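Undergrad: Structure in structure tokens, see below.
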Amino acid sequence: MPLNYEKCLDRGCIWLQRTEESQPLCFYPDGYGYTYQEVRRTSNGYHVDLVRTTEMKMFGDEIETISLQVYFETKNRLRLKFADKAKKRFEVPIEVPLPPAQSPDDTEYSIDFVNEPQFGVIVKRNDTETIIFDTNIPGMLFSEQYIQLSTRLATPYVYGFGEHTSSSYKHSTNWKKWSLFARDSSTDSSSNLYGVHPFYMNIEEDGCAHGVFLLNSNAMEVIFQPTPALTFRTIGGIMDFYIFLGPSPEDVVKQYLEVIGLPVMPPYWALGFQLSKRGFTTIQDVKALTQRTENAKIPYDVQYLDIDYMNNYKDFTFDEKRYANLPAFVDELHDKGKKVVIVLDPAIASNKTLESNYPALDVGINRDVFIKVNGTYLEGSSWPGKVYFPDFSHPEVRPYWTQMCTEFRKSVRFDGLWIDMNEPSNFVDGSLTGCGKTSLNYPPYGAGVLGSKLDGKLFEKTICMDSVHYAGKHYDIHNLYSYYQANVTYRTLAIIIPGNRPFVLSRSTFSGSGRFVSHTLGENLSTWEQLRASIPGVLKFNLFGIPFVGADICGFNLNTTEELCLRWMQLGAFYPFSRNHNSFYSKNQDPATHTEGSTVARPLLHEYPNDKTTWDINYQFLWGPALLISPIVEESATAVDVYFPAGIWYDFYKGDIVKDGSGTLMTLMDEGYINLHVRGGYILPLQKPNVTTSLSRKQAMGLLIAPDESGTARGLLFWDDGISYETQEHKTYLLVELTLQKIEKQTFLYSNITIGNSPEAHYAFFGYMTFCNQPSTSKILINGKSISKEKWNYNSQSMVLKIDKIHINIAEKFEIILV
Numbered sequence: 073m074p075l076n077y078e079k080c081l082d083r084g085c086i087w088l089q090r091t092e093e094s095q096p097l098c099f100y101p102d103g104y105g106y107t108y109q110e111v112r113r114t115s116n117g118y119h120v121d122l123v124r125t126t127e128m129k130m131f132g133d134e135i136e137t138i139s140l141q142v143y144f145e146t147k148n149r150l151r152l153k154f155a156d157k158a159k160k161r162f163e164v165p166i167e168v169p170l171p172p173a174q175s176p177d178d179t180e181y182s183i184d185f186v187n188e189p190q191f192g193v194i195v196k197r198n199d200t201e202t203i204i205f206d207t208n209i210p211g212m213l214f215s216e217q218y219i220q221l222s223t224r225l226a227t228p229y230v231y232g233f234g235e236h237t238s239s240s241y242k243h244s245t246n247w248k249k250w251s252l253f254a255r256d257s258s259t260d261s262s263s264n265l266y267g268v269h270p271f272y273m274n275i276e277e278d279g280c281a282h283g284v285f286l287l288n289s290n291a292m293e294v295i296f297q298p299t300p301a302l303t304f305r306t307i308g309g310i311m312d313f314y315i316f317l318g319p320s321p322e323d324v325v326k327q328y329l330e331v332i333g334l335p336v337m338p339p340y341w342a343l344g345f346q347l348s349k350r351g352f353t354t355i356q357d358v359k360a361l362t363q364r365t366e367n368a369k370i371p372y373d374v375q376y377l378d379i380d381y382m383n384n385y386k387d388f389t390f391d392e393k394r395y396a397n398l399p400a401f402v403d404e405l406h407d408k409g410k411k412v413v414i415v416l417d418p419a420i421a422s423n424k425t426l427e428s429n430y431p432a433l434d435v436g437i438n439r440d441v442f443i444k445v446n447g448t449y450l451e452g453s454s455w456p457g458k459v460y461f462p463d464f465s466h467p468e469v470r471p472y473w474t475q476m477c478t479e480f481r482k483s484v485r486f487d488g489l490w491i492d493m494n495e496p497s498n499f500v501d502g503s504l505t506g507c508g509k510t511s512l513n514y515p516p517y518g519a520g521v522l523g524s525k526l527d528g529k530l531f532e533k534t535i536c537m538d539s540v541h542y543a544g545k546h547y548d549i550h551n552l553y554s555y556y557q558a559n560v561t562y563r564t565l566a567i568i569i570p571g572n573r574p575f576v577l578s579r580s581t582f583s584g585s586g587r588f589v590s591h592t593l594g595e596n597l598s599t600w601e602q603l604r605a606s607i608p609g610v611l612k613f614n615l616f617g618i619p620f621v622g623a624d625i626c627g628f629n630l631n632t633t634e635e636l637c638l639r640w641m642q643l644g645a646f647y648p649f650s651r652n653h654n655s656f657y658s659k660n661q662d663p664a665t666h667t668e669g670s671t672v673a674r675p676l677l678h679e680y681p682n683d684k685t686t687w688d689i690n691y692q693f694l695w696g697p698a699l700l701i702s703p704i705v706e707e708s709a710t711a712v713d714v715y716f717p718a719g720i721w722y723d724f725y726k727g728d729i730v731k732d733g734s735g736t737l738m739t740l741m742d743e744g745y746i747n748l749h750v751r752g753g754y755i756l757p758l759q760k761p762n763v764t765t766s767l768s769r770k771q772a773m774g775l776l777i778a779p780d781e782s783g784t785a786r787g788l789l790f791w792d793d794g795i796s797y798e799t800q801e802h803k804t805y806l807l808v809e810l811t812l813q814k815i816e817k818q819t820f821l822y823s824n825i826t827i828g829n830s831p832e833a834h835y836a837f838f839g840y841m842t843f844c845n846q847p848s849t850s851k852i853l854i855n856g857k858s859i860s861k862e863k864w865n866y867n868s869q870s871m872v873l874k875i876d877k878i879h880i881n882i883a884e885k886f887e888i889i890l891v
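In the numbering used here, the protein residues as written are 73 to 891.
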């Protein structure tokens, strides 16, 4: 119900008439919240008991006494855990590695507690005394199904929280609200989408950065205010905050990943271009796609099979009429060096009349792995019709899922799995028989999630909140459903394709899902607005620890245009995960239909936090620290304004200097290229392309050497076999350090083998090199031997030296001297 003047005063709050609709009218007065009675030192932090300051009750079940446990975890990380003192509440059952207790004398932060006008905990950065977390704001609430806490922000420059569609990487702090609740929804609105990531990064005035992660899996809402400040609202669990001190943006991400887990390394083949379409009604449609792509000589590594391949849309089946000889076709693709990824939705057909024997259902019932409500299996609706939903937190679901995948792969030898519809999505609200009128299904506050605002229900387009998993009520673990499925599916692939890196693509994700899966940004639209929005989306998921991410190139819904698809293909080549996918009702948009003539992706502010211009840049981004991508994102545009931070910048294609020092330049683009620039001071490994990554790996490698102002440059080359599982853990790879130095009138390029345990690397070689900003050269020595002038070319105007037709094994040390 809408709030009015009388209701506001009844709550003990302050009414302030406003003219702008976005601003609130009702405020908490000073002192509204909790106060502390005692602060106790513990072996690794503090313990504080908090007592409510007012008798006024918003929901009638406010908790009188809560506890705050402070943990000094590392020198640059601390944890603040607000919980009910009297009883145990739901906590996210994800294991976080516990570091050794840190002495407060050795930390980069300090902590203070205040009691006026209400309780607040204040965290400061020691060296600058910048306040990075401050809860001394009225309105702290802790009730059974509503928890609220606010903190002041260091600046309005805040990034993170998801999943949503946004045209900007930076958040607006003008009373903007974002709901976090996994939901099958369209990407053309700002409502809550497929995944949940309650993490943000805040840039401080001096360019330092810090991050805050709320480990909570219940539906929640965050509200930005122009103070600047931020309010967290969640409808269950506890408030469990991790605070990361950075101080650089990349440091913040690394520290966050120490808590949620490092991202999985994809197989080498997954780095190639991938094609998909919903609506290939027969196998002949798929064959036509693969053939026209091959005929056009378009590099292409992975073919997807959407639900069209299934028999009546049932998992672990294929239609033997429409997709006759599918196993043989998959083998043909393998013979051409391509891989196949199939989709699996979580819902399992429950209608026994479809056929007498459906192992996925029968085995699931036998192992009792489906979600229940009131003691019986919850039955919903999805593509096959009536369905049950596996409980991926159940200990029996892993052998069940592994058995089903193993049996199906005996006929269709897929290489990876795409887990879709895993919010979980349901075609009916709750179940076929609805949901009970309980406070879990109809909570007192719906956290602003899509579907809750009309009648208060939380289960629109998903399953009942009072249904039961092994790990708890769906109310508490809805946002964890895809995380559990990702874990199970990743480990399943590790078993059934032994020795190979599992590739799992997931639509829904939670904090830490990057340990198991890659991510697609979902069912976007073929519009310029959605092309632009894909860039902040990719950058956010790199912040969330899922760097192998991309949007559906050219758009999923609606029909694309040739110009839009061209520009999107150019941009999509620099999505870490590069896939063209579209819907049943959209016309074909694969490249051949238009053929006529750590973070991986990171914002500029991550590398230039002291350059405030970069804090607001949305549509340029970097690959690693050195490659700058500046795509065209406007219709009919043929040029783009490129902002260059301080330093020397080179044209990727030509090697000449484009900009020396910070500033903006307008750069023209022809249709065949995207704006790429290389940052001075770096050496980039290259490789000549081919139509698949398996063929590309056999091509000559190269180096692009781009020195900085002092004439130095450095680079790294990582090389392994591209498929083996845990090569990093077992150190079965090659790591080469590359260094460029200029001493007097000579230039030296040399390599150092840091780790050399990859036998396959002995087949790879450097065959060409480009030296940028190189003074006149008369002689080139490789490992002491002079090479003939036929193998190199020097352009005195651009000062670019190109060497070709050489053969240097990448696994062996080398030295090149330019005289």
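Positions of the beta carbon are idealized from the N, C-alpha and C atoms, including for glycine. These numbers come from a predicted model, not from an experiment.
Using the three-state DSSP reduction, which class does HIS591 fall into: helix, strand or coil?
TA: strand
Undergrad: By how many angstroms is the C-alpha of ASN208 removed from the C-alpha of ARG769?
TA: 57 Å
Undergrad: When you compare the CB positions of VAL739 and VAL714, do they come within less than 8 Å of one another, or not?
TA: Position check: residue 739 holds Thr in this sequence, whereas Val was assumed. In contact: THR739 and VAL714 (Cβ atoms closer than 8 Å).
Undergrad: Going residue by residue through the stretch 726 to 806, where are the continuous beta strand (DSSP E) segments of at least 3 residues, counting only ones entirely within it?
TA: 729 to 732, 735 to 740, 747 to 751, 754 to 759, 773 to 778 and 785 to 791
Undergrad: Counting C-beta neighbours from all protein chains within 10 Å, is the total for TYR328 16 or more, i.e. buried, or is it exposed?
TA: buried
Undergrad: Have a look at the DSSP bridge pairing and note the partners of SER222.
TA: THR303
Undergrad: Contact check, SER422 vs LEU433 under 8 Å by CB: the rounded distance?
TA: 6 Å
Undergrad: Please say whether PRO703 and ILE746 have beta carbons closer to each other than 8 Å?
TA: yes
Undergrad: Taking GLY232 as part of the beta strand (DSSP E), name the residues at either end of that continuous run.
TA: Note, GLY232: beta strand (DSSP E), 230 to 234.
Undergrad: Tell me which same chain residues have a C-beta within less than 6 Å of the C-beta of GLN565, skipping the five on either side of it?
TA: It is worth fixing the name first, because residue 565 is Leu in this sequence and not Gln. Result list for LEU565: PRO574, in chain order.
Undergrad: If I measure Cβ to Cβ from GLU668 and keep anything under 8 Å in the same chain, skipping five residues before and after, which residues do I get?
TA: For GLU668, the predicted model reports a pLDDT of 39, less than 50, meaning its position is unreliable and no value from the coordinates is stated.
Undergrad: Compare the C-alpha of GLY520 against each of TRP250, GLY351, ASP260 and GLY452 and name the closest.
TA: TRP250
Undergrad: Where does PHE296 fall in DSSP's three states?
TA: Looking at PHE296 - three-state DSSP - the assignment turns out to be strand.
Undergrad: So if DSSP puts TYR722 in a beta bridge, which residue, or which two residues, is it bridged to?
TA: ILE729 and VAL750
Undergrad: Relative to the C-alpha of GLU451, which residue among GLY409, SER503 and GLY318 is closest?
TA: In terms of Cα proximity to GLU451, the closest of GLY409, SER503 and GLY318 is SER503.
Undergrad: Could you pull out every residue in the same chain whose Cβ sits closer than 7 Å to the Cβ of TRP695, ignoring the five residues on either side in sequence?
TA: PHE646, VAL672, ALA673 and ILE701
Undergrad: Just how far apart, CA to CA, sit THR710 and SER823?
TA: Going by the C-alpha atoms only, they are around 40 Å apart.
Undergrad: Where do the N-terminal and C-terminal ends of the alpha helix (DSSP H) with PRO431 fall, by residue?
TA: 431 to 439
Undergrad: Determine the direct distance from the alpha carbon of MET841 to that of VAL193, and round the result to whole angstroms.
TA: 56 Å
Undergrad: What whole-angstrom Cβ distance do SER734 and ALA718 have, given they're in contact under 8 Å?
TA: 4 Å
Undergrad: Among LEU489, ASN498, TYR562 and TYR241, whose alpha-carbon lies nearest the alpha-carbon of PRO456?
TA: Nearest C-alpha to PRO456: ASN498.
Undergrad: What whole-angstrom Cβ distance do LEU577 and SER590 have, given they're in contact under 8 Å?
TA: 5 Å
Undergrad: Count the CB pairs spanning the stretch 167 to 179 and the stretch 290 to 303 that are closer than 8 Å, and state whether there are at least three.
TA: no
Undergrad: Please name the residue, chosen from ASP876, TRP687 and GLY839, that lies closest to GLU277 on a Cα-to-Cα basis.
TA: The shortest C-alpha separation from GLU277 is found at TRP687.
Undergrad: Contact defined as beta carbons within less than 8 Å: I believe GLY267 pairs with THR581. What is the distance between those atoms, to the nearest angstrom?
TA: Sure, about 4 Å apart at Cβ, within 8 Å.
Undergrad: Report yes or no: do the stretch 556 to 563 and the stretch 587 to 602 share at least 3 C-beta pairs separated by less than 8 Å?
TA: yes
Undergrad: Looking at the structure shown, is SER139 part of a helix, part of a strand, or coil, going by DSSP?
TA: strand
Undergrad: So which of SER830, ALA836, TYR797 and GLY856 has the shortest CA-CA distance to LEU821?
TA: GLY856
Undergrad: Answer yes if the stretch 358 to 378 comes into contact with the stretch 406 to 417, meaning at least three C-beta pairs across the two stretches below 8 Å, and no otherwise.
TA: yes
Undergrad: Strictly by DSSP, which residues pair up with PRO189?
TA: Beta-bridge pairing links PRO189 to no other residue.
Undergrad: Would you call the stretch 172 to 185 and the stretch 198 to 214 in contact, with 3 or more CB pairs under 8 Å?
TA: yes
Undergrad: Would you say THR299 and GLN602 are within 8 Å of each other, going by their C-beta atoms?
TA: The answer is no: Cβ separation not under 8 Å.
Undergrad: Quick one: residues in its chain with C-beta nearer than 7 Å to the C-beta of MET741, no 5 flanking neighbours on either side, listed in chain order?
TA: ILE704, THR710, ALA711, VAL712 and ASN747
Undergrad: Strictly by DSSP, which residues pair up with ILE625?
TA: ASN652
Undergrad: Going by beta carbon distance, what residues of the same chain come within less than 8 Å of MET641, once the five residues before and after it are set aside?
TA: Excluding positions up to five away in sequence, the list reads ILE625, CYS626, ASN652 and PRO663.
Undergrad: Please report the residue range of the alpha helix (DSSP H) in which PRO169 lies.
TA: It is not in any alpha helix (DSSP H) - PRO169 carries neither H nor E in the DSSP assignment.
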